[in-house]
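One structure is given below, encoded as C-alpha coordinates.
As C-alpha coordinates, this is what we get:
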(Lines of atoms letter the chains of each structure in order from A and count residues from 1; the text may use other names and numbers.)
(Lines give C-alpha, C1' and ligand atoms only; values in the text may rest on other atoms or scores of the structure.)
Protein backbone atom coordinates (compact mmCIF):
# COMPACT_ATOMS: atom_id res chain seq x y z
CA UNK A 1 0.00 0.00 0.00
CA UNK A 2 2.76 2.43 0.88
CA UNK A 3 4.50 1.82 -2.41
CA UNK A 4 1.30 2.52 -4.28
CA UNK A 5 0.83 5.81 -2.44
CA UNK A 6 4.41 6.83 -3.12
CA UNK A 7 3.94 6.03 -6.81
CA UNK A 8 0.74 8.10 -6.98
CA UNK A 9 2.38 11.05 -5.19
CA UNK A 10 5.34 10.99 -7.60
CA UNK A 11 3.01 10.78 -10.57
CA UNK A 12 1.03 13.78 -9.34
CA UNK A 13 4.24 15.79 -8.79
CA UNK A 14 5.42 14.98 -12.32
CA UNK A 15 2.05 15.99 -13.82
CA UNK A 16 1.97 19.25 -11.86
CA UNK A 17 5.57 20.07 -12.90
CA UNK A 18 4.87 19.38 -16.56
CA UNK A 19 1.78 21.55 -16.42
CA UNK A 20 3.74 24.42 -14.85
CA UNK A 21 6.37 24.25 -17.58
CA UNK A 22 3.69 24.26 -20.28
CA UNK A 23 1.93 27.27 -18.72
CA UNK A 24 5.26 29.16 -18.46
CA UNK A 25 6.10 28.54 -22.10
CA UNK A 26 2.65 29.58 -23.24
CA UNK A 27 3.00 32.88 -21.47
CA UNK A 28 6.48 33.67 -22.85
CA UNK A 29 6.38 35.97 -25.97
CA UNK A 30 7.80 34.61 -29.21
CA UNK A 31 11.17 35.99 -30.28
CA UNK A 32 11.18 38.20 -33.35
CA UNK A 33 12.04 36.34 -36.57
CA UNK A 34 15.78 36.06 -36.94
CA UNK A 35 16.39 37.57 -33.51
CA UNK A 36 18.38 34.61 -32.32
CA UNK A 37 20.90 35.11 -35.10
CA UNK A 38 21.01 38.90 -35.06
CA UNK A 39 24.12 40.40 -33.45
CA UNK A 40 23.72 43.23 -31.00
CA UNK A 41 24.38 46.73 -32.33
CA UNK A 42 27.69 46.80 -30.49
CA UNK A 43 28.74 43.56 -32.17
CA UNK A 44 27.88 44.70 -35.68
CA UNK A 45 31.05 45.73 -37.49
CA UNK A 46 30.80 48.98 -39.42
CA UNK A 47 31.81 48.97 -43.08
CA UNK A 48 35.39 50.18 -43.58
CA UNK A 49 35.69 53.71 -44.91
CA UNK A 50 37.19 54.01 -48.38
CA UNK A 51 40.88 54.87 -48.27
CA UNK A 52 40.43 58.10 -50.24
CA UNK A 53 40.89 61.68 -49.07
CA UNK A 54 40.50 65.14 -50.54
CA UNK A 55 43.83 66.23 -52.06
CA UNK A 56 43.01 69.80 -51.06
CA UNK A 57 40.36 71.24 -48.74
CA UNK A 58 36.91 71.88 -50.24
CA UNK A 59 38.10 70.07 -53.34
CA UNK A 60 34.86 69.89 -55.33
CA UNK A 61 34.17 73.60 -54.90
CA UNK A 62 37.54 74.45 -56.45
CA UNK A 63 36.96 72.79 -59.84
CA UNK A 64 35.88 75.85 -61.82
CA UNK A 65 38.19 76.06 -64.84
CA UNK A 66 39.75 72.83 -66.07
CA UNK A 67 38.04 69.50 -65.39
CA UNK A 68 39.20 66.21 -66.85
CA UNK A 69 38.94 66.03 -70.63
CA UNK A 70 38.42 69.69 -71.49
CA UNK A 71 40.11 70.67 -74.77
CA UNK A 72 42.14 73.88 -74.64
CA UNK A 73 44.44 75.80 -76.92
CA UNK A 74 45.90 79.30 -76.93
CA UNK A 75 43.01 81.73 -77.37
CA UNK A 76 40.38 79.12 -76.47
CA UNK A 77 40.62 78.25 -72.80
CA UNK A 78 39.05 79.21 -69.47
CA UNK A 79 42.58 80.22 -68.43
CA UNK A 80 44.26 83.15 -70.18
CA UNK A 81 46.86 83.37 -71.42
CA UNK A 82 46.89 79.66 -72.37
CA UNK A 83 50.18 78.05 -73.38
CA UNK A 84 49.03 74.44 -73.85
CA UNK A 85 47.05 72.59 -76.52
CA UNK A 86 45.22 69.32 -75.95
CA UNK A 87 42.77 67.40 -73.78
CA UNK A 88 43.34 67.93 -70.06
CA UNK A 89 44.35 64.69 -68.34
CA UNK A 90 43.70 65.81 -64.79
CA UNK A 91 41.50 68.05 -62.67
CA UNK A 92 42.60 71.55 -61.65
CA UNK A 93 41.73 72.70 -58.14
CA UNK A 94 41.83 76.50 -58.01
CA UNK A 95 42.84 78.75 -55.12
CA UNK A 96 41.16 81.85 -53.74
CA UNK A 97 42.49 85.38 -53.67
CA UNK A 98 43.10 85.09 -49.93
CA UNK A 99 45.27 81.99 -50.49
CA UNK A 100 47.71 83.59 -52.89
CA UNK A 101 50.13 84.56 -50.12
CA UNK A 102 49.37 81.64 -47.81
CA UNK A 103 50.57 78.05 -47.67
CA UNK A 104 47.86 75.80 -49.11
CA UNK A 105 48.30 72.18 -47.96
CA UNK A 106 48.18 69.26 -50.36
CA UNK A 107 47.12 65.86 -49.01
CA UNK A 108 47.70 62.31 -50.24
CA UNK A 109 44.66 61.08 -52.13
CA UNK A 110 45.24 57.43 -51.29
CA UNK A 111 47.59 54.97 -49.61
CA UNK A 112 50.78 54.14 -51.46
CA UNK A 113 54.47 54.96 -51.87
CA UNK A 114 55.98 58.11 -53.29
CA UNK A 115 57.62 57.05 -56.55
CA UNK A 116 58.85 60.34 -57.97
CA UNK A 117 59.40 63.98 -57.01
CA UNK A 118 61.11 66.45 -59.31
CA UNK A 119 60.88 69.63 -61.30
CA UNK A 120 59.17 69.27 -64.68
CA UNK A 121 58.27 71.57 -67.56
CA UNK A 122 54.67 72.76 -67.30
CA UNK A 123 54.46 71.91 -63.61
CA UNK A 124 57.37 73.32 -61.69
CA UNK A 125 57.30 70.96 -58.73
CA UNK A 126 55.58 67.60 -59.29
CA UNK A 127 55.31 64.42 -57.25
CA UNK A 128 53.94 61.01 -58.22
CA UNK A 129 52.40 58.42 -55.92
CA UNK A 130 51.62 54.78 -56.67
CA UNK A 131 48.20 53.58 -55.44
CA UNK A 132 45.54 50.94 -56.00
CA UNK A 133 42.01 52.17 -56.81
CA UNK A 134 39.17 49.74 -57.46
CA UNK A 135 41.68 46.89 -57.54
CA UNK A 136 43.78 48.44 -60.30
CA UNK A 137 47.22 49.99 -60.18
CA UNK A 138 47.35 53.73 -60.79
CA UNK A 139 49.79 56.58 -60.43
CA UNK A 140 48.63 59.88 -58.95
CA UNK A 141 50.26 63.09 -60.21
CA UNK A 142 50.32 66.17 -57.96
CA UNK A 143 51.42 69.16 -60.02
CA UNK A 144 52.44 72.77 -59.21
CA UNK A 145 53.70 72.03 -55.71
CA UNK A 146 56.54 73.60 -53.75
CA UNK A 147 59.08 70.84 -54.06
CA UNK A 148 61.06 71.85 -50.97
CA UNK A 149 57.91 71.33 -48.88
CA UNK A 150 57.92 67.60 -49.66
CA UNK A 151 59.63 65.92 -46.72
CA UNK A 152 58.91 62.35 -47.87
CA UNK A 153 61.61 60.51 -49.78
CA UNK A 154 61.01 58.38 -52.84
CA UNK A 155 59.93 54.98 -51.56
CA UNK A 156 58.25 56.33 -48.42
CA UNK A 157 54.71 55.13 -47.79
CA UNK A 158 52.08 57.89 -47.87
CA UNK A 159 48.71 57.57 -46.12
CA UNK A 160 45.49 59.02 -47.48
CA UNK A 161 44.79 62.36 -45.82
CA UNK A 162 48.43 62.89 -44.86
CA UNK A 163 49.78 66.35 -45.71
CA UNK A 164 52.48 65.80 -48.30
CA UNK A 165 53.25 69.27 -49.67
CA UNK A 166 52.02 72.83 -50.12
CA UNK A 167 51.17 74.51 -53.39
CA UNK A 168 53.85 76.49 -55.14
CA UNK A 169 53.76 80.26 -55.39
CA UNK A 170 51.78 81.36 -58.43
CA UNK A 171 53.64 82.59 -61.53
CA UNK A 172 56.98 81.46 -60.13
CA UNK A 173 59.45 78.70 -60.89
CA UNK A 174 57.61 76.56 -58.31
CA UNK A 175 54.66 76.38 -60.72
CA UNK A 176 56.63 76.92 -63.96
CA UNK A 177 54.95 80.29 -64.38
CA UNK A 178 51.40 78.97 -63.96
CA UNK A 179 48.73 80.30 -61.60
CA UNK A 180 48.60 78.87 -58.09
CA UNK A 181 46.51 75.69 -58.26
CA UNK A 182 46.74 71.92 -57.88
CA UNK A 183 46.74 69.79 -61.01
CA UNK A 184 45.84 66.22 -60.03
CA UNK A 185 45.88 63.41 -62.56
CA UNK A 186 45.27 59.68 -62.11
CA UNK A 187 46.94 57.51 -64.76
CA UNK A 188 45.94 53.86 -65.12
CA UNK A 189 48.78 51.39 -64.66
CA UNK A 190 52.06 51.35 -62.82
CA UNK A 191 54.05 53.17 -65.50
CA UNK A 192 54.87 56.78 -64.63
CA UNK A 193 53.61 59.42 -67.02
CA UNK A 194 53.03 63.02 -65.99
CA UNK A 195 51.55 64.36 -69.24
CA UNK A 196 49.14 67.17 -68.45
CA UNK A 197 47.49 66.98 -71.88
CA UNK A 198 46.96 64.40 -74.63
CA UNK A 199 46.17 65.07 -78.27
CA UNK A 200 43.29 62.64 -78.87
CA UNK A 201 40.14 61.72 -76.97
CA UNK A 202 41.08 58.04 -77.11
CA UNK A 203 44.17 58.77 -75.05
CA UNK A 204 41.93 60.03 -72.24
CA UNK A 205 40.88 56.41 -71.65
CA UNK A 206 44.14 55.96 -69.79
CA UNK A 207 43.14 58.56 -67.19
CA UNK A 208 40.60 58.52 -64.36
CA UNK A 209 38.52 61.37 -63.00
CA UNK A 210 39.47 62.07 -59.39
CA UNK A 211 35.99 63.51 -58.77
CA UNK A 212 34.58 59.98 -59.17
CA UNK A 213 36.55 58.89 -56.11
CA UNK A 214 36.26 61.79 -53.68
CA UNK A 215 34.10 61.30 -50.59
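In my numbering, the protein residues as written are 876 to 1090. Glycine included, each C-beta is placed from N, C-alpha and C at the ideal position.
From residue 1022 to residue 1000, what distance separates their C-alpha atoms?
-> One C-alpha to the other measures close to 5 Å.
Starting from residue 1003 and walking both ways along the beta strand (DSSP E), at which residues does that stretch end?
-> 999-1008
What is the DSSP secondary structure of residue 951, counted as helix, strand or coil?
-> Strand.
Secondary structure of residue 936, DSSP reduced to three states = The three-state reading of DSSP puts residue 936 in helix, counting H, G and I together.
Roughly how many whole angstroms lie between the Cα atoms of residue 1024 and residue 992?
-> 11 Å
Whole-angstrom distance between residue 961 and residue 950, CA atom to CA atom = As the crow flies, the alpha-carbon of residue 950 is around 13 Å from that of residue 961.
Sequence-distant residues of its chain with Cβ nearer than 8 Å to residue 1075 (five each side left out) = 962
For residue 970 and residue 1055, the rounded distance between their alpha carbons = 6 Å
Would DSSP call residue 1087 helix, strand or coil?
-> In the three-state reduction of the DSSP assignment, residue 1087 falls in the helix class.
Give the straight-line distance between the Cα atoms of residue 1095 and residue 932, rounded to the nearest whole angstrom.
-> It is not possible to answer for residue 1095, since the shown part of the chain is limited to 876 through 1090.
Residue 1017 and residue 1057 closer than 8 Å at C-beta | yes
Measuring CB to CB, does residue 1079 end up less than 8 Å from residue 935?
-> no
How close, in whole Å, do the beta carbons of residue 965 and residue 1059 come, if the pair is a contact with beta carbons under 8 Å?
-> For residue 965 against residue 1059, the beta-carbon gap comes to about 5 Å, under 8 Å, which counts as contact.
Measuring CA to CA, which of 1038, 1044 and 1036 is closest to residue 977?
-> 1044
From residue 957 to residue 948, what does the alpha carbon distance come to, in whole angstroms?
-> C-alpha separation (whole angstroms): 6 Å.
Return the chain-ordered list of same chain residues with a C-beta closer than 7 Å to the C-beta of residue 824, the five sequence neighbours on each side being excluded.
-> Within the shown structure, residues of the chain are numbered from 876 to 1090, placing residue 824 beyond reach of any answer.
Residue 1061 beta carbon less than 8 Å from that of residue 1083 | At a Cβ-Cβ threshold of 8 Å, residue 1083 and residue 1061 count as neighbours.
Looking only at its own chain, which residues have a Cβ that is under 7 Å from the Cβ of residue 1048, when we skip the five neighbours before and after it?
-> Excluding positions up to five away in sequence, the list reads 999.
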